[in-house]
Amino acid sequence: MSLINLEQYSEKQNRAISRVLDSLDRLDRRMNLHYSNKRAHERKDFRGIVWISIPDEEYAEEGTVNSIKVWSRSISQSGLSFIYPLPIYQKNIHVGIPVQGDQVTWFRAEIVRQKEIEEEHFWEYGVRFQGKVIA
1 MSLINLEQYS
11 EKQNRAISRV
21 LDSLDRLDRR
31 MNLHYSNKRA
41 HERKDFRGIV
51 WISIPDEEYA
61 EEGTVNSIKV
71 WSRSISQSGL
81 SFIYPLPIYQ
91 KNIHVGIPVQ
101 GDQVTWFRAE
111 IVRQKEIEEE
121 HFWEYGVRFQ
131 GKVIA
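Its first residue numbered 1, the sequence shown is counted upward by one per residue in full-length UniProt numbering.
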């Protein structure tokens, strides 16, 4: 699977990022009344850049991993939401969250939700954290 990094997005994709994030935030606000009491952990807005690493199944035995930057939308103790312009077929990924300066904390995560935003040619992904990656 060939991945594209944030710096490789087209001009059209870069213009769509804010529209996609704003649209998803509006939808979340409307749905929050229904779902907020069903969530185990409170969601916080977290519009920023995070890293995702996706094991390349073709080279899995060699341990090859692709890491890219993506835009995040919200975060909770148990997971986060991000957008990406392509479908991701693997369910298990790693998510890197910036914590201080240049430090990044990596988590094992499972993609538990994916939704295509067809009119903008983006996908939204919801991941559940499964624990820290121990280096």
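C-beta: ideal position from N, C-alpha, C; glycine also.
{"Query": "GLY63 - DSSP class collapsed to helix/strand/coil", "Result": "Residue placement at GLY63 is poorly supported in this model, since its pLDDT is 47, which falls under 50; the coordinates still yield a value, given next. Looking at GLY63 - three-state DSSP - the assignment turns out to be coil, as it is neither helix nor strand."}
{"Query": "Backbone CA spacing between SER76 and GLU11 [nearest angstrom]", "Result": "31 Å"}
{"Query": "For ASN92, the nearest candidate out of ILE134, ASN5 and ARG128 (CA to CA)", "Result": "ARG128"}
{"Query": "Under 8 Å between C-beta atoms of ILE111 and THR105", "Result": "no"}
{"Query": "C-alpha distance - TYR84 paired with GLU120, whole-angstrom precision", "Result": "11 Å"}
{"Query": "Complete runs of the beta strand (DSSP E) confined to the UniProt domain \"PilZ\" (38-130) [at least 3 residues]", "Result": "44-55, 65-76, 79-84, 92-100 and 103-117"}
{"Query": "Spatially closest choice to GLY126 from ILE134, HIS94 and ASP102, by CA coordinates", "Result": "HIS94"}
{"Query": "Beta-carbon proximity list for GLY48, same chain, < 6 Å, skipping 5 on both sides", "Result": "SER72"}
{"Query": "Separation of VAL70 from GLN130, as counted between CA atoms", "Result": "19 Å"}
{"Query": "PHE46 versus PRO55: straight-line alpha-carbon distance, rounded", "Result": "25 Å"}
{"Query": "Whole runs of the alpha helix (DSSP H) within the segment 11-35, excluding any shorter than 4 residues", "Result": "11-35"}
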